[in-house]
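Heads up, the thing below is written out as structure tokens.
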Amino acid sequence: MKKAALCLTAVLLLSGSPAYGESPLRAKAEMYNAQGEKIGTAYFTEAAEGQEGVKIYLKISRIPKGSHGFHIHETGRCDSPDFKSAGGHFNPHGKKHGVNNPEGLHAGDLPNITVDQEEIAVTVVTKQVTLKEGKNSLFQPGGTSLIIHAGPDDEMTDPAGNSGARIACGVITRPD
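This is how it looks when you write it as structure tokens:
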């Protein structure tokens, strides 16, 4: 009887968690400024089964105070000082830019981040991308990257929301 109760307890404990040996899909991006200095890290986690989206946790320092555009870009390159090698916003469906654009949004459009101190940590959830296989996967041939812009994204103007220069960049990679 004790053995049966122990087995039942184990089944109940495991029923709400991922399958044995299964872990959530993850990625990360080491963030660099235009001078090539590492200034932070972004961690990506796929939502639990039955939910959709990717959670992005960003911890970063030495970004000017204010509001900044924050986007996933279409190429996994971050050549300083301007990071133009990252290409445009990740946009596998050819939509217009911005959550407020009736023809938008790009899959790579994320909310602005606000910097009010030397180091910040923010969490953003986006339902526009995935770490799984598919058209919206961040693991496309050529990769993808995460960019922080000098100014705020107006969430409307195509192609990039008038958010200004690219001031930080990180290539999105699978964990080691």
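When the letters of the sequence shown are read in order and numbered with mature numbering (1 follows the signal peptide of the UniProt record, and there is no 0), they come out as residues -21 to -1, 1 to 155.
For glycine and all other residues, C-beta sits at the position ideal for the given N, C-alpha and C.
These numbers were taken from a predicted model, which means no experiment stands behind them.
Just grab the DSSP bridge partners of K17 for me. The residue you call residue 17 lines up with position 38 of the sequence shown. DSSP output for K17 lists Y11 as bridge partner(s).
With 16 other Cβ atoms within 10 Å as the buried cut-off, status of D155: Residue numbering aside, residue 155 sits at position 176 when the sequence shown is read from its first letter. Exposed, since its Cβ has fewer than 16 Cβ neighbours within 10 Å.
Do G32 and H52 come within 7 Å of each other at the CB atom, strictly closer than that value? As a working note, residue 52 is residue 73 in the sequence shown. As a working note, residue 32 is residue 53 in the sequence shown. Contact: no.
State buried or exposed for H128, treating a residue as buried only when at least 16 other CB atoms are found within 10 Å of its CB. Reading the sequence shown from its first residue, position 149 is the one you call residue 128. Label assigned to H128: buried.
Under the three-state DSSP convention, the category K111 falls into: Here residue 111 refers to the residue found at position 132 when the sequence shown is read from its first residue. Coil at K111, not helix or strand.
Taking the beta carbon of A144 as the centre, do at least 16 other beta carbons fall within 10 Å, making it buried, or is it exposed? The count along the sequence shown starts at 1 and reaches residue 144 at position 165. So A144 ends up on the exposed side.
Grouping DSSP H, G and I as helix and E and B as strand, with all else coil, what is K63? Residue numbering aside, residue 63 sits at position 84 when the sequence shown is read from its first letter. If DSSP states are grouped into helix, strand and coil, K63 belongs with the helices.
Buried or exposed: which applies to E1, given that a residue is buried once 16 or more other Cβ atoms fall within 10 Å of its Cβ? Residue mapping note: residue 1 aligns to position 22 of the sequence shown, counting from 1. With a pLDDT of only 49 at E1, under 50, the local geometry of the prediction cannot be trusted, and the value read off the model is given with reservation. Taking a 10 Å sphere around the C-beta of E1, we find fewer than 16 other C-beta atoms and assign the residue as exposed.
P81 in three-state terms, based on DSSP: Numbered from 1 along the sequence shown, position 102 holds the residue referred to as residue 81. In the three-state scheme derived from DSSP, where H, G and I count as helix and E and B as strand, P81 is classed as coil.
Which of helix, strand or coil does DSSP assign to I42? Within the sequence shown, residue 42 is the residue found at index 63, counting from 1. Assigned with DSSP and collapsed to three states, I42 falls in coil, not helix or strand.
Say whether the region 3 to 10 touches the region 91 to 99, bearing in mind that this needs 3 or more beta-carbon pairs closer than 8 Å, one atom from each stretch. no
Are the region 18 to 32 and the region 43 to 57 touching, with three or more C-beta to C-beta distances below 8 Å? no
Which residue wins for smallest C-alpha separation from G15, given the options K44, F62 and H47? Working through the sequence shown from its first residue, we reach residue 15 at position 36. The shortest Cα separation from G15 among K44, F62 and H47 belongs to F62.
Mind checking whether G149 and M10 have CB atoms under 7 Å apart? Here residue 149 corresponds to residue number 170 of the sequence shown, with the count starting at 1. Here residue 10 corresponds to residue number 31 of the sequence shown, with the count starting at 1. Yes, they are a contact pair.
Assigned secondary structure, T54 (DSSP; H/G/I helix, E/B strand, else coil): Indexing the sequence shown from 1 puts residue 54 at position 75. Coil.
Is the Cβ-Cβ distance between V108 and N115 less than 7 Å? The residue you call residue 108 lines up with position 129 of the sequence shown. The residue you call residue 115 lines up with position 136 of the sequence shown. Yes, the pair counts as a contact, with Cβ atoms nearer than the cut-off.
Reduced DSSP secondary structure (H/G/I, E/B, other) of R144: Along the sequence shown, read from residue 1 onward, the residue named residue 144 stands at position 165. For the sequence presented, residue 144 should be read as Ala rather than Arg. Here A144 sits in coil by DSSP.
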